[in-house]
Amino acid sequence: MKILITGGNGMLGRTLQESFKDDEVIVADLPECDITDRSRIAAFFAEADPDVVIHAAAMTNVDGCEANSELAYKINEEGTRNVAIVSAAMNARLIAISTDYVFSGELDEGRESWSEEDTPRPRTVYGASKFAGEEMIRALYPEAVVLRVAWLYGAGGPSFVHTMVKLLSSEGEAVKVVNDQFGNPTSAKAVADVIKFILSKPSVEGTVHATCEGVASWYDLAGELKKLMPSLKRELVPCTTAEFPRPAPRPANSALEKRVLKLLGYTMSNWREALADFVLTEFKSN
Ligand SMILES: NC(=O)c1ccc[n+]([C@@H]2O[C@H](COP(=O)([O-])OP(=O)(O)OC[C@H]3O[C@@H](n4cnc5c(N)ncnc54)[C@H](OP(=O)(O)O)[C@@H]3O)[C@@H](O)[C@H]2O)c1
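With the numbering used here as the guide, the letters of the sequence shown map in order to residues 1 to 286.
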């Protein structure tokens with residue numbers, strides 16, 4: 001298979017490169033392939049002639065998107081539109097990566113997670129621009145897969161996991177971590193594995209949720225890291241979102257239900273197991 005990865009040098013993209021190393025991988029990233037430049041991207045894709053496009057390029061700095069919404073929409077909506085148009089024209093199978101942040105985080109009473117059928121109501125520019133990108137894919141290439149992932153960490157980072165390992169291995173007062181935002185911590189490797197599974201099923205299209213199983217707060221995730229890495233000696237204390245104001249409001253609960261994957265008989269790994277596997281290779285020296 002010839003697989004083209006937009007944003008292939010980013011955190012997820014690098015894990016995808018590693019996971020698909022037995023296939024022919026073409027990296028489409030800045031500066032050679034700017035997804036906002038329609039003619040450039042068309043020429044790049046035509047030369048690469050991929051069977052599969054994994055669209056991982058995005059403006060991912062959530063607070064940065066809030067500060068520069070024009071650029072966020074240019075990359076996450078218009079760039080995604082360009083990827084959809086050229087992929088459809090070449091008949092390349094498209095898997096476009098999206099996010100749990102398309103949801104508001106305010107679940108109706110009695111609900112624990114968001115399913116593929118729930119209506120997104122993003123509260124941030126990042127979430128809204130990613131949702132606008134999803135809508136471009138649905139309109140221009142309905143056979144594509146929109147794969148929603150969340151709370152990612154992967155080799156080399158940057159991620160919350162990398163930040164915590166650095167903080168907790170240094171000296172100082174207890175580290176305050178938010179304990180009232182919930183989601184599904186997910187390894188880039190688990191995302192690469194589910195993409196392989198989807199590629200083995202030609203009939204899968206539409207929106208698919210693909211996060212690790214189990215729900216955690218950021219504090220739970222940091223606590224699990226401390227359990228896995230006894231060398232992380234610094235204390236942790238839980239705090240509230242209100243104590244940690246950010247320019248872009250984070251969803252209180254963005255856990256995703258994997259309805260489509262369950263119907264297909266595929267189970268994502270549990271977040272604690274995926275994290276333990278990751279820590280073994282990523283932080284060997286700790
Ligand atoms: N990280 C998470 O927790 C998370 C959670 C949910 C969903 N996602 C989604 O997962 C995907 C991959 O995220 P990631 O964590 O791997 O992000 P990342 O590390 O920021 O990777 C994104 C890549 O896209 C590149 N890029 C930015 N603008 C571009 C453009 N105009 N043309 C071509 N490439 C461009 C970036 O280059 P520069 O670095 O030079 O800007 C970077 O290499 C994204 O779609 C993101 O929205 C991530």
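Idealized CB from N, CA, C, for every residue including glycine. All of these numbers come straight from a predicted model, not from anything done at the bench.
One question on the structure: do residue i and residue j come within less than 8 Å of each other, judged by their Cβ atoms?
i, j, result
"Ala-252", "Glu-106", "yes"
"Val-175", "Thr-241", "no"
"Ile-35", "Ala-67", "no"
"Ala-274", "Ala-210", "no"
"Leu-228", "Ala-276", "yes"
"Ser-104", "Val-146", "no"
"Leu-232", "Leu-168", "yes"
"Tyr-141", "Ser-87", "yes"
Where does residue i sit, in a helix, a strand or coil, going by DSSP?
i, result
"Glu-224", "helix"
"Val-27", "strand"
"Tyr-219", "helix"
"Ala-96", "strand"
"Leu-236", "strand"
"Arg-38", "helix"
"Val-204", "coil"
"Lys-148", "It should be pointed out that residue 148 corresponds to Arg in this sequence rather than to Lys. Looking at Arg-148 - three-state DSSP - the assignment turns out to be strand."
Comparing C-alpha positions only, which one of the options sits nearest to residue i?
i, options, result
"Pro-185", "Trp-151, Met-1, Ala-48 and Ser-104", "Trp-151"
"Phe-197", "Leu-4, Asn-61, Ser-129 and Ile-95", "Ile-95"
"Ala-248", "Tyr-101, Leu-236 and Arg-234", "Tyr-101"
"Pro-202", "Cys-65, Asn-270, Ser-170 and Ala-144", "Ala-144"
"Pro-31", "Ala-139, Gly-10, Glu-24 and Phe-20", "Gly-10"
"Leu-256", "Glu-205, Glu-213, Thr-267 and Ala-276", "Glu-213"
"Asp-118", "Thr-207, Lys-226 and Ile-5", "Thr-207"
"Glu-24", "Val-83, Phe-44, Phe-131 and Ile-3", "Ile-3"
"Ala-92", "Val-53, Asp-29, Pro-122 and Gly-64", "Val-53"
**OP:** Would you check if the stretch 151-168 and the stretch 216-234 touch, i.e. whether three or more CB-CB distances between them fall below 8 Å?
**Re:** With contact defined as three or more Cβ pairs closer than 8 Å, the stretch 216-234 and the stretch 151-168 are in contact.
Original post:
Is it true that the stretch 260-268 meets the stretch 192-210, where meeting means three or more beta-carbon pairs spaced less than 8 Å apart?
Top reply: Yes, the stretch 260-268 touches the stretch 192-210.
**OP:** Say whether the stretch 225-238 touches the stretch 39-46, bearing in mind that this needs 3 or more beta-carbon pairs closer than 8 Å, one atom from each stretch.
**Re:** By the criterion of at least three beta-carbon pairs nearer than 8 Å, the stretch 225-238 is not in contact with the stretch 39-46.
**OP:** Inspect the CB distances between the stretch 63-72 and the stretch 15-30 and report whether three or more fall short of 8 Å.
**Re:** They do not touch, by the three-pair rule.
Original post:
Quick check: the stretch 156-163 against the stretch 121-141, are there 3 or more CB pairs under 8 Å?
Top reply: No: the two stretches stay apart, fewer than three of their Cβ pairs being nearer than 8 Å.
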